[in-house]
Structure formats: C-alpha cells, structure tokens
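J.: Take a look at the following structure, please.
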Amino acid sequence: MRQDKSKAISLRKKGKSYNEIVKILNISKGTLSLWLRDVKMSPEIEKKFWDKTRKGWAESITRFNKQRAILAKEKAKKAQLFASKDIKRLTKKELHLIGIALYWAEGNKRNRWSARFANSDTEMIKIIMRFFREICFVDEKKFTARIHLHPNIEENKTIAHWSKITKIPRKQFSPSQTQISKSSKRKRNPHQLPYGTLHININDVNLVNKIQGWIIGLSK
C-alpha cells in the first residue's frame, strides 16, 4: 500500500490526472484523494496539466458536437424521407400549377419577348424544364442557357452539370458570365453555389404572353 501511495504521489507530481493514476495503479478514486490531498504540483507541471486538461475538454466538446450534428442530420433525413412519400408522381395539372407558381416567383416578368428563368437549385431547374417541355411544349431549339458564376468555379464543369440536368445541348449555352461582388472580393465559398446560377432563356413572345396570362389566372 505504501509503495502504491509513493507511486501515486510521484505520478501526480509529474502531472498525471486522478483518472490516469487510478487506471495505472488500479485503486479507488477515494483512496487516491486521501493520498493526494496535500500534494502540490510545481507551477510548470501544473500549467502543463491544465493545458492538457483544457485541450481534452475542447476535444471532447468537438466530438460531442460532431456526433450530435450527425444524429441531427440522420433524424432530419428520415423525417424528410417520410414526408416525401406524401408527394406522388405529379399530374399534368399539378405540374402546370407548380410551373406557373415557380415562374411567378423566379421568372423574369419584365421582358416582353423572352421567357427567362434563373436559379441555382438543381431540383427546381428540373421541375421548370418539365413545365416548359410537358406543359408549354417549347421547341428544343429555342432553349438557350447562360451560367453566372464566381471566379473560383470551373466553367466547363458547370456547363457539363447544367447540360446534363436540363438536357440542353452544350452548343446552346452562351459564354458564362463571371460575377465579382464588391463585398465578397473573390472570397466567397465555392460550396455555397458550386455550379453557379443557371439562366434559361426562350425567345418566344407567344409563350411569354401565355405564361403571363396563366399567372393572372392563378392570382384570381
């Protein structure tokens, strides 16, 4: 017992924590507390001990937060998957109404000659393209597209992405436009808009008037 006590005191003075000493000597924490109640570390060892302890706390908090984030993400994914089952395959009427609403919200309503729609959301672009094709019966040759992107985004990659999503041939894409806001000064995280913003253009005055009429009808 005396040998263990001497060893415990020595370990403590070297900066070992109570938990570490308990594990090394296989003794109870209560016994250890009695042995070490009057034991002091040197200032240098004490500083190293608390630096190590604070680092351990920080790492524990980081692990906890990461695990909590993973669990929250999994929970959200399950909830979204469950809710997604409420939506069945869209009927033509539903697609018609959704397309009008999307254009009303995100489309360009000032241009009298061209129907224009811009967004960075891949799924939204898929729906509006279905609307243009299945409801508006737009001629494939009338589709043109342009990408607005930040300088730190690769242009060829974004064109390939949006061409695949929209099924608009690459030859119908105009040169991309690079935008630099004064506030970002090239510092914007490319993960915020990894494929920039896609602008779809359809030069068809009859389509413009038709969509504007649908919007009026929907608003009544």
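Residue numbers (this note's numbering): -9 to 210. By construction, the Cβ of each residue, glycine as well, lies at the ideal position given by its N, Cα and C atoms. Remember, it's a predicted structure, so these values are computed and weren't measured experimentally.
Please tell me whether L188 and N101 are closer than 8 Å, where the distance is taken between their beta carbons.
T.: No, they are not a contact pair.
J.: Ends of the beta strand (DSSP E) at L183?
T.: Looking at the DSSP string, L183 is not in any beta strand (DSSP E), and its letter there is neither H nor E.
J.: Taking I149 as the reference, give the member of N142, K161, K13 with the closest Cα.
T.: Looking at the Cα atoms, K161 is the closest of the given residues.
J.: Look up L80 in the DSSP assignment and say whether it is helix, strand or coil.
T.: Three-state DSSP puts L80 in coil, outside helix and strand.
J.: Name, in chain order, the residues that DSSP records as bridge partners for R106.
T.: Paired residue(s): N98, N191.
J.: Straight-line CA distance for R27 to W47?
T.: Near 23 Å, if we compare the C-alpha coordinates of W47 and R27.
J.: When the Cα of K82 is compared with those of F122, A62, G97, T43, which residue comes out closest?
T.: Of the candidates F122, A62, G97, T43, the one whose C-alpha sits nearest the C-alpha of K82 is F122.
J.: Report yes if the C-beta distance between M114 and T156 is below 8 Å; otherwise report no.
T.: Going by C-beta atoms, M114 is not nearer than 8 Å to T156.
J.: Cutting at 8 Å between CB atoms, please list the residues of its own chain near V198, excluding the five before and the five after it.
T.: Around V198: N101, R102, W103, S104, A105.
J.: Rounded to a whole number of angstroms, what is the C-alpha to C-alpha distance between I60 and H151?
T.: Their Cα atoms are separated by approximately 28 Å.
J.: Going along the chain, which residues of its own chain have a beta-carbon closer than 7 Å to the beta-carbon of A(-2), five neighbours each way excluded?
T.: Once the five neighbours on either side are set aside, the close Cβ partners of A(-2) are I11, L15, L22, W25, L26.
J.: Specify, as a first and last residue, the run of the beta strand (DSSP E) that R27 falls within.
T.: Premise fails: R27 is in no beta strand (DSSP E) and is neither H nor E.
J.: In whole angstroms, what is the alpha-carbon distance linking L85 and K200?
T.: Roughly 16 Å between the two C-alpha positions.
J.: From N196, P141, I206, pick the residue whose C-alpha is nearest to that of P184; which is it?
T.: For P184, the nearest C-alpha among the options comes from P141.
J.: Smallest Cα separation from D194: which of K154, P33, F127?
T.: The shortest C-alpha separation from D194 is found at F127.
J.: So S166 and E145 are in contact, right, with Cβ under 8 Å, and what is the actual spacing, rounded?
T.: Between E145 and S166 the Cβ distance is about 5 Å, and since that is below 8 Å, they are a contact.
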